[in-house]
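Protein chains: 2
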Amino acid sequence: MSRKPPTMADIAKAIGVSPMTVSRAFKSDSSVSQETREAILRAAEDLGYVFDSTAANLRSQKTDFVAVTIPSINNANFAETVRQLSDGLSRRGLQILLGYTNYDILEEERLVEQLLRRKPQAIVVTGGRHTPRARKLLSNAGIPVVETWDLPEQPIGHVVGFSNTLAIGEMVRHFADAGYRRIAFIGGDADNDTRGTERRAGFVAAMQAAGLDASRLIACGAPPIGMREGAVAMAHLLQSLPDTEAAICVSDLSAFGALTECQRRGIRVPQDMALGGFGNYDIGAICVPTLTTINAFAGDIGAKTAELIGDVLEGRFEPGLPQTIRFTPVLIGRESSR
Amino acid sequence: MSRKPPTMADIAKAIGVSPMTVSRAFKSDSSVSQETREAILRAAEDLGYVFDSTAANLRSQKTDFVAVTIPSINNANFAETVRQLSDGLSRRGLQILLGYTNYDILEEERLVEQLLRRKPQAIVVTGGRHTPRARKLLSNAGIPVVETWDLPEQPIGHVVGFSNTLAIGEMVRHFADAGYRRIAFIGGDADNDTRGTERRAGFVAAMQAAGLDASRLIACGAPPIGMREGAVAMAHLLQSLPDTEAAICVSDLSAFGALTECQRRGIRVPQDMALGGFGNYDIGAICVPTLTTINAFAGDIGAKTAELIGDVLEGRFEPGLPQTIRFTPVLIGRESSR
DNA sequence: AATCATCATGTTATCGTTACCAGCCCCACT
DNA sequence: AGTGGGGCTGGTAACGATAACATGATGATT
Chain A
3 MSRKPPTMAD IAKAIGVSPM TVSRAFKSDS SVSQETREAI LRAAEDLGYV FDSTAANLRS
63 QKTDFVAVTI PSINNANFAE TVRQLSDGLS RRGLQILLGY TNYDILEEER LVEQLLRRKP
123 QAIVVTGGRH TPRARKLLSN AGIPVVETWD LPEQPIGHVV GFSNTLAIGE MVRHFADAGY
183 RRIAFIGGDA DNDTRGTERR AGFVAAMQAA GLDASRLIAC GAPPIGMREG AVAMAHLLQS
243 LPDTEAAICV SDLSAFGALT ECQRRGIRVP QDMALGGFGN YDIGAICVPT LTTINAFAGD
303 IGAKTAELIG DVLEGRFEPG LPQTIRFTPV LIGRESSR
Chain B
3 MSRKPPTMAD IAKAIGVSPM TVSRAFKSDS SVSQETREAI LRAAEDLGYV FDSTAANLRS
63 QKTDFVAVTI PSINNANFAE TVRQLSDGLS RRGLQILLGY TNYDILEEER LVEQLLRRKP
123 QAIVVTGGRH TPRARKLLSN AGIPVVETWD LPEQPIGHVV GFSNTLAIGE MVRHFADAGY
183 RRIAFIGGDA DNDTRGTERR AGFVAAMQAA GLDASRLIAC GAPPIGMREG AVAMAHLLQS
243 LPDTEAAICV SDLSAFGALT ECQRRGIRVP QDMALGGFGN YDIGAICVPT LTTINAFAGD
303 IGAKTAELIG DVLEGRFEPG LPQTIRFTPV LIGRESSR
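Protein sequence lines, in the order shown, are assigned to chains A and B. With our numbering as the guide, the letters of the first sequence map in order to residues 3 to 340. With our numbering as the guide, the letters of the second sequence map in order to residues 3 to 340.
This is the structure we're talking about:
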């Protein structure tokens, strides 16, 4: 029963052809006569043959893997990026090899090394901050590298991202234009949360540019920052700076958490406290009141990255000429800031 | 510059040892003298050597991959299962190879076939419904198979799951005991949503067992069923069956959507309409009012599956003796059903 | 002193597929 | 009839690591 699984050679023997012909029969473009191919595929099915990619990968020096690292899978934004990336790549015959860094660049380094051993055709990392060793590994890997979700100052290779700083600036202006003055920022205090700290820095810069006090900063600690952290932060805010008129949160999740805290305390949103989020999560479009947010195009980042990788691998670009694709975050004004 | 990457043979030559010794130097348990190993590792670093798993995989017939299929990555429940699974496996030196079926068993079949070509050491699938061909592929793969999130009547191999039917029965009883009589069910009408339909069937059975009318069934269509679908369904429910006292939703997401619709219409929850969800999502614990739900132990399913796979692969079980690990879903009573 | 286990290393063959290079047959054109 | 090209097939070697077995040196044991 449990003999070892059949190989192409077994099929070849059964049909009376060479293994080479069997190999060809499995590739759609190669030249094999119709009847031979059918006989081979039938025999393969009969024998319960399963193609062995590991051997093919070794011989052809192609794995059709694309390595991807994200901070966390439990985040709708990153998940959406991965989904679109995965869809786009699978359409091109590529398969994702996914790893989580847990928002830790040391973990990222380990992960990158581990993933590179699998000989992916390209690698996508989230963010532009890496350990020196990770940078070196990526640079020397000899495959296309794409950094996403940020616009690194010194990109390793390609980039598909947007400016978190600018995006938050947009949000600050939105509130300032609406007449809010005492505006707080929630989150972005942990230095392993690069996007969060960028947003916080962007908040401070934009507030100062608008001539407003930028000192209302509420800490949430290390990522992931979810709804609960947002609620806790709002409680702090209401206690420490009760005259605050508006709070800009590091993400829609924390904004929603902040909203629930207001609801529990009978604080009306937006009349007593206006709220802004980030990321255009589903929840912000449906909760009551709906949340003003920033669409950072998480899905499009994934889709565009897939397209870019396809183009590069199929030689549609000058090789060695890194591309930077920049998305412009768009503010979505909703009920929480009217 | 772009010569081809160094191999173990190159390191061997540089150090003056055999390739075999180099190979051994990279495995922690093998016997290589301290100094030789150090010299090898140093040379490897100098040359920018990256271990080639594809070759090792072929020769040793071990990939250290575990294939996993889930319906969707954009679902906090499945994501949590995958996270714990991934953590547990990586602790054992195994790496996940993930694929999404989009709630489609035909897509699952394609995916399973594709994943098996990569020669994983084990495969985890979500749910117990598969195409005949997929069943055959899984059975003949010669590796441990784990079905999760359900309790299939005819398991292919191992199972780590719970009874959706029983879980919803629990929920129905909770509402019935609290005095609710006109109870509706939202979702679970699409037949590619196996867990959803099971929950709906469980609802009908439990309602009948309680002597209650089980005909208040609101359709949501095909999965994924999110917040928006829940809101739409609640609108339908309020229009078609306005005297309904309580609604049990196929998940916390749809329950939250239903809640928002109530809020927009000024319908008090739970006074005018009680709500129940499923899955113990973060949102249900924090929204106002908090949602009564069922903890299905999504994370534990992943953790336990990782443990099971570890045990099986390391021969800690009678081989060929499939295990079934059954979780008992627990009702969490919250504000939405007081 | 002889024997044997242990350690560190080397040699050889192989995992299953495919790149590369031929070779054959048949038909279409000169 | 001769030449050429395209379609189909086969033989051989190789991808880069390691399993399996073998070897020499060292030290422990009797």
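We treat Cβ as the ideally placed atom computed from N, Cα and C, and that holds for glycine.
- H160 (chain A) is bridged by DSSP to A:V148.
- Following the DSSP letters along the chain, one finds N194 (chain A) in no alpha helix (DSSP H), marked with neither H nor E.
- E109 (chain A) and F205 (chain A) have their C-alpha atoms some 29 Å from each other.
- Within the same chain, L333 come within 6 Å of E172 (chain B) by CB-CB distance, once the 5 residues on both sides are set aside.
- According to DSSP, V70 (chain A) shares a beta bridge with A:L100 and A:V126.
- Shown here, L219 (chain B) sits in a strand according to DSSP, grouped into three states.
- Between G281 (chain A) and S253 (chain A), the beta carbon gap of about 5 Å places them in contact (Cβ cut-off 8 Å).
- Taking 8 Å as the cut-off, the beta carbon of A169 (chain A) is found closer than this to the beta carbon of P331 (chain A).
- In terms of beta-carbon proximity, P7 (chain A) lines the interface with chain B, with at least one pair separated by less than 8 Å.
- Between E82 (chain B) and N76 (chain A), the alpha-carbon positions lie close to 7 Å from each other.
- Closest in C-alpha terms to A178 (chain B), from the list B:E47, B:A203, B:F28 and B:G278, comes B:G278.
- Taking all protein chains in view, the Cβ of Q97 (chain B) is crowded by 16 or more other Cβ atoms within 10 Å, so the residue is classified as buried.
- Contact between the region 25-32 of chain B and the region 197-212 of chain A is absent, with fewer than three C-beta pairs closer than 8 Å.
- The three-state secondary structure of T295 (chain B), taken from DSSP, is strand.
- In the displayed model, G278 (chain B) falls within a strand according to three-state DSSP.
- The beta carbon of T128 (chain B) does not come within 8 Å of any beta carbon belonging to chain A, so the residue lies off that interface.
- Taking 7 Å as the cut-off between beta carbons, the residues of the region 40-66 of chain B near chain A are G50, V52, F53, D54, S55, T56, A57, N59, L60 and T65, in sequence order.
- By DSSP's assignment, T326 (chain A) forms a beta bridge with A:V161.
- A straight line joining the alpha-carbon of V271 (chain B) with that of T150 (chain A) spans about 42 Å.
- DSSP, read as helix, strand or coil, puts L214 (chain A) in coil.
- Of all residues in the region 71-101 of chain B, only S74, I75, N76, N77, A78, A81, E82, V84, R85, S88, D89, S92, Q97, I98, L99, L100 and G101 come within less than 9 Å of chain A when Cβ atoms are compared, listed by chain position.
- Assigned with DSSP and collapsed to three states, V332 (chain A) falls in strand.
- Within the region 250-270 of chain A, the residues whose Cβ lies closer than 7 Å to some Cβ of chain B are G259, T262, Q265 and R266, listed in chain order.
- Put simply, the CB of N282 (chain A) is far from chain B, with every gap to its CB atoms at 8 Å or more.
- The three-state reading of DSSP puts F319 (chain A) in coil, since its state is none of H, G, I, E or B.
- Taking a C-beta distance under 8 Å as the contact criterion, V162 (chain B) and I327 (chain B) qualify as a contact pair.
- Nearest C-alpha to M10 (chain B) among B:N194, B:I185, B:Y51 and B:G304: B:Y51.
- From the beta-carbon of A233 (chain B), the residues of chain A found nearer than 7 Å are I288.
- Taking a C-beta cut-off of 9 Å against chain B, the contacting residues of the region 131-153 of chain A are K138, L139, N142, A143 and G144, listed in chain order.
- A direct Cα-Cα distance of roughly 52 Å separates L255 (chain B) from L49 (chain B).
- Nearest Cα to A208 (chain A) within the set A:F187, A:V147, A:E309 and A:G228: A:F187.
- By the beta-carbon neighbour count (other beta carbons within 10 angstroms, threshold 16), G301 (chain B) is buried.
- With the criterion set as a beta carbon lying under 9 Å from some beta carbon of chain B, the members of the region 111-124 of chain A are E115, Q116, L117, L118, R119, R120 and K121, in sequence order.
- Cβ neighbours of L99 (chain B) within its own chain (closer than 8 Å, five residues either side excluded): F67, V68, A69, V70, L117, R120 and P122.
- The contact set of R230 (chain B) on chain A, defined by CB atoms closer than 9 Å, consists of D284, A287 and I288 in chain order.
- Taking all protein chains shown into account, K306 (chain A) has 16 or more neighbouring C-beta atoms within 10 Å of its C-beta and is therefore buried.
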